[in-house]
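Counting in the working numbering, the sequence shown runs from 8 upward without gaps. Have a look at the structure below before the remarks.
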Amino acid sequence: MHGRDTAPGTSPLPLLALAVLATATSAPLAASAAAAPLALAFWRSGLSVLVLLPFAMRRSRAAQWTLDPAAARAAALAGLALSVHYVAWMTAAQLSTVTAATALVCTQPIWQAVIAARAGHRMPQLAWAGIGIAVAGAVVAAGSDFQTSVRALTGDLLAVLAAIAAAAYTACGERARRRLPTSTFGAISNSACCVVVLAGCLLFGTPLTGYTDATWLIIVALVVGAQLAGQTVFAHLLRTLAATAVSLAILTAMPIAAALAWLTMEQAPTVQTGLGAVVLVIGVALFLLSSLISESTLLRRARPTIPRRSSDRNTIVVHDVPPVNDSP
């Protein structure tokens, strides 16, 4: 099969490793910031717009295309979901443990499958097994926090909400990106997110300034790391890697985030939380692998074949015909 649009001799693995490491810093940074999650979400989305908007405008002028209203609405809806994800996720990181919050937000692919199932897509039995294992792991991890405090359990529930919101963001984003460049989609969705979060800050009287130098450094690190080196790089890698492969790689951010929290915040997970997180990640990985197997099977069935005469024997051999172009 032909590869996607990659330069000869280059490997996406270094970028993938960079994105995973950058993503793993998100929860420890949010948990250690002396700022409200609403404020963190505002600055993360707002500063991202300042970075992405020039690229979107340059792309628009170069391509000379007009903005599709339906795609713009889908991008705006994605931004609404993104605002819920940011606020819920960073609140969860501050209320619960980094290990539990990161593991629970990794259930995003499962919620994406639930959205797809409601749209009529069928899931293989192995996928349901993975979901069952992931749910069991979540119950074990959350059960530990329930015994610890209601605050920690609230953080776990918010982490699940963040995963659901991320799945909704992805679903809306898939519709928008069919007619929008990545930079334009990012500019619109982050702008919508910024407006929604700003409204929340004004409603609840959340201060947006007056922070210590350490907190401002954390905000910059969230934008440069988790947002640009993480989320944006993952979006770029989807041009060369399968979405399932990227999702599997993201799962490795959980143990890295837990290790960072342990080293920098002395936040060692309990045995029950650690065990539940591991079981949850195994379940999500099984679910993703089942999806990968299902996609590969469908591709093999859909791939046309042509008979070709063998050069060695006077027999007919069937050879696979690769698709003309499998780039996005």
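For each residue, glycine too, the CB sits at the ideal point set by N, CA and C. Values in this document were obtained by computation on a predicted structure and should not be read as measured data.
Check whether residue i and residue j have beta carbons under 8 angstroms apart
i, j, result
"Val285", "Thr114", "no"
"Ala29", "Gly232", "yes"
"Gly180", "Ala256", "no"
"Phe49", "Leu205", "yes"
"Ala110", "Leu287", "yes"
"Val56", "Cys208", "no"
"Ala99", "Thr222", "no"
"Phe241", "Pro116", "no"
"Leu102", "Gly162", "yes"
"Ala83", "Ile171", "no"
"Ala120", "Ala134", "yes"
"Gly81", "Ala183", "Reading the sequence as shown, one finds Ala at residue 81 and not Gly. Yes, Cβ-Cβ distance for Ala81 and Ala183 is below 8 angstroms."
"Leu47", "Ile300", "no"
"Gly193", "Leu59", "yes"
Inter-residue Cα distance where the pair is residue i and residue j
i, j, result
"Leu224", "Ala264", "18 angstroms"
"Gln234", "Arg51", "7 angstroms"
"Leu45", "Thr213", "7 angstroms"
"Ser18", "Leu210", "47 angstroms"
"Met272", "Ala24", "23 angstroms"
"Ala149", "Ala252", "27 angstroms"
"Arg65", "Thr191", "10 angstroms"
"Gly137", "Pro76", "38 angstroms"
"Ala250", "Ala159", "32 angstroms"
"Ala31", "Thr259", "8 angstroms"
"Gly127", "Ala178", "14 angstroms"
"Leu244", "Val94", "26 angstroms"
"Ala78", "Ile289", "35 angstroms"
"Thr312", "Trp269", "For Thr312, the pLDDT reaches just 49, beneath the cut-off of 50, and the residue's location in the model is therefore unreliable, although a value from the coordinates is still provided. Using only the alpha carbons, I get a separation of about 54 angstroms."
"Met130", "Leu248", "22 angstroms"
"Ala40", "Pro276", "20 angstroms"
"Ala26", "Ala236", "6 angstroms"
"Leu215", "Asn197", "17 angstroms"
"Pro61", "Arg125", "38 angstroms"
"Arg185", "Ser254", "20 angstroms"
"Tyr218", "Ile140", "42 angstroms"
"Val147", "Trp118", "19 angstroms"
"Ser151", "Val157", "11 angstroms"
"Leu20", "Asp220", "34 angstroms"
Closest residue to residue i among the options (Cα-Cα distance)
i, options, result
"Ala38", "Ser297, Thr104 and Arg51", "Thr104"
"Gln238", "Ala221, Val203, Cys201 and Ala173", "Ala173"
"Val203", "Gly212, Ser90 and Thr177", "Ser90"
"His92", "Leu168, Ser156, Thr161 and Met130", "Leu168"
"Gln274", "Ala108, Thr216 and Ile195", "Ala108"
"Thr378", "Pro21, Ser301, Val278 and Val27", "Because the chain is modelled from 8 through 335, residue 378 falls outside the range shown and cannot be assessed."
"Ala63", "Leu187, Ser33 and Thr216", "Leu187"
"Gly53", "Leu229, Ala123 and Tyr176", "Leu229"
"Met261", "Pro21, Asp220 and Ser33", "Ser33"
"Met97", "Pro276, Thr216, Leu20 and Leu36", "Leu36"
"Thr189", "Val146, Arg246 and Leu215", "Arg246"
"Val142", "Arg125, Val112 and Val157", "Val112"
"Ser298", "Gly139, Val157, Leu20 and Gln132", "Gln132"
For residue j and residue i, believed in contact at Cβ under 8 angstroms, the rounded distance
i, j, result
"Thr338", "Gly281", "Since the first and last residues shown for the chain are 8 and 335, residue 338 lies out of range."
"Ala199", "Leu267", "That belief does not hold up - the Cβ atoms of Ala199 and Leu267 are roughly 30 angstroms apart, past 8 angstroms."
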